[in-house]
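Reading through the structure tokens given below for one structure.
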Amino acid sequence: MTPQIALVTGANSGIGFETAKELAIQGYYVVMVCRNLNKAANSAQIITEETGAALDIMQADLASFSSIRNFAQKYVDKYDRLDILINNAGLFSDSRRQTEDGYELTMGVNFLGTYLLTRLLLPVLLKTEESRIVNIASGAGFYGKINLDQPFQGPHGFKGYSASKLALIWFTISLAEELKSKGILVNAVSPGRGATNIWRGKSLLMKIVRPFMLRSAQSAAECAKTGLYVALAPEAEITTGLMFEKSKPLPYNDRCLDHQSRQRLMQLTQNITNV
């Protein structure tokens, strides 16, 4: 019997690592998708030593469309199912940087890369009965602002981060609507502020703010709990298209429910990713 497969992006550290470890404990065959294979191998070894579970590691850089396409092709060539997709990989950039394809890095990785990877894996998700997609978003998305005239060249820093997470929430809602009749649950998660490596930067602002942020942060294991709940809870407990925080639905605000803006961003994204 083919084992159930869970794929976790950004699984070599932080929330992704804790998520991958728990899914392995729960009996899933975990595919860790990471940019750095050496770090991924070290993390996989730790999980194997602690759980006795075998894992697979695969390389993908979410800041590169070509890398994502290459990974997706390798995955579908290797595996014929995908039960749980955890879109965990993300970053915060306090300086102006671009992806390989010329988009602002934060939006490029947190949203565009996740969008493309998910779209390319949809065929195998659709072949798998009762599959799930869990997008690790953020409550910061509730305050995001996206300039729809130039949505992928926008600001960096906290404004860019919140915009990217709003885009991810919009993608969650749109994909849930699209796949509702297909039996795939699609949900977003606000994991809470974690004591992870995401809040790094060389700017004076980050040097001042980071210690205060980490002072009230939860452990990565604690932050992973809601995503794991949404991935593993009985289907009757999970309504598709929602955002969860502390394992409970978190009502969307008006910004998240802006249907017209959401539809426009999804169309623009489809145009540039050419899925």
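Residue numbering for the sequence shown follows our numbering, starting at 272 and increasing by one per position. We put the CB at the ideal spot given by N, CA and C, even for glycine. All figures in this text were calculated on a predicted structure; none of them were measured in a lab.
{"Asked": "Could you check where the alpha helix (DSSP H) with Asn341 kicks off and where it finishes?", "Found": "Phe336 to Lys349"}
{"Asked": "For the beta strand (DSSP E) holding Leu278, just list the boundary residues, first then last.", "Found": "Ile276 to Thr280"}
{"Asked": "Hey, how far is the Cα of Lys292 from the Cα of Gly498?", "Found": "13 Å"}
{"Asked": "Taking Ala504 as the reference, give the member of Pro426, Ser532 and Leu294 with the closest Cα.", "Found": "Leu294"}
{"Asked": "Taking the CB atoms as reference points, tell me whether Phe382 and Ile543 lie closer together than 9 Å.", "Found": "no"}
{"Asked": "How far does the beta strand (DSSP E) with Tyr432 in it reach, from first residue to last?", "Found": "Taken as a continuous stretch (DSSP letters only), Tyr432 belongs to no beta strand (DSSP E), being part of the alpha helix (DSSP H) at Gly428 to Leu450."}
{"Asked": "Please work out which residues of its chain come closer than 8 Å, Cβ to Cβ, to Pro426, disregarding the five sequence neighbours upstream and downstream, and give them in chain order.", "Found": "Glu375 and Ala434"}
{"Asked": "Tell me the rounded alpha-carbon separation between Ala315 and Ala491.", "Found": "17 Å"}
{"Asked": "Tell me, to the nearest whole angstrom, how far the beta carbon of Arg367 is from that of Lys398; I am working on the premise that it is less than 8 Å.", "Found": "41 Å between Cβ atoms; not a contact."}
{"Asked": "Count the other CB atoms within 10 Å of the CB of Ala408; is the residue buried (16 or more) or exposed (fewer)?", "Found": "buried"}
{"Asked": "With distances taken from CA atoms, which of Glu493, Glu516 and Trp441 is nearest Ser532?", "Found": "Trp441"}
{"Asked": "Between Ala334, Thr540 and Gly285, which has its C-alpha nearest Ala311's C-alpha?", "Found": "Gly285"}
{"Asked": "Over what stretch of residues does the beta strand (DSSP E) that includes Leu356 continue unbroken?", "Found": "Ile355 to Asn358"}
{"Asked": "Can you check whether the CB of Phe413 is closer than 9 Å to the CB of Cys527?", "Found": "yes"}
{"Asked": "In chain order, what residues of the same chain have a beta carbon less than 8 Å from the beta carbon of Leu446, not counting five sequence neighbours either side?", "Found": "Thr389, Ile404 and Val457"}
{"Asked": "So Ala282 packs on Cys305, CB below 8 Å; how close in whole Å?", "Found": "6 Å"}
{"Asked": "Under 8 Å Cβ to Cβ from Phe483, same chain only, skipping five residues before and after it: list those, please.", "Found": "Caution applies to Phe483, whose pLDDT of 48 falls short of 50 and renders its modelled position unreliable; the model cannot decide the point."}
{"Asked": "Please state whether DSSP places Ile543 in a helix, a strand or coil.", "Found": "helix"}
{"Asked": "Over what stretch of residues does the beta strand (DSSP E) that includes Ser461 continue unbroken?", "Found": "Leu456 to Ser461"}
{"Asked": "Considering only the alpha carbon of each residue, which of Thr280, Leu356, Leu391 and Pro274 lies closest to Asp348?", "Found": "Leu391"}
{"Asked": "With Ala334 and Val301 assumed to form a contact (beta carbons below 8 Å), what rounded beta-carbon distance in angstroms separates them?", "Found": "With 8 Å as the limit, Ala334 and Val301 do not qualify as a contact, their Cβ atoms being about 23 Å apart."}
{"Asked": "Taking the alpha-carbon positions, what's the Leu539 to Gln369 distance?", "Found": "18 Å"}
{"Asked": "Could you check how far apart the C-beta atoms of Glu400 and Gly454 are, in whole angstroms? I think they sit under 8 Å.", "Found": "7 Å"}
{"Asked": "For a test of the three-state rule: what should DSSP assign to Pro520, helix, strand or coil?", "Found": "strand"}
{"Asked": "Rounded C-beta distance between Leu387 and Ile328? I'm assuming under 8 Å.", "Found": "Not quite, the Cβ-Cβ distance comes to about 20 Å (not below 8 Å), so this is no contact."}
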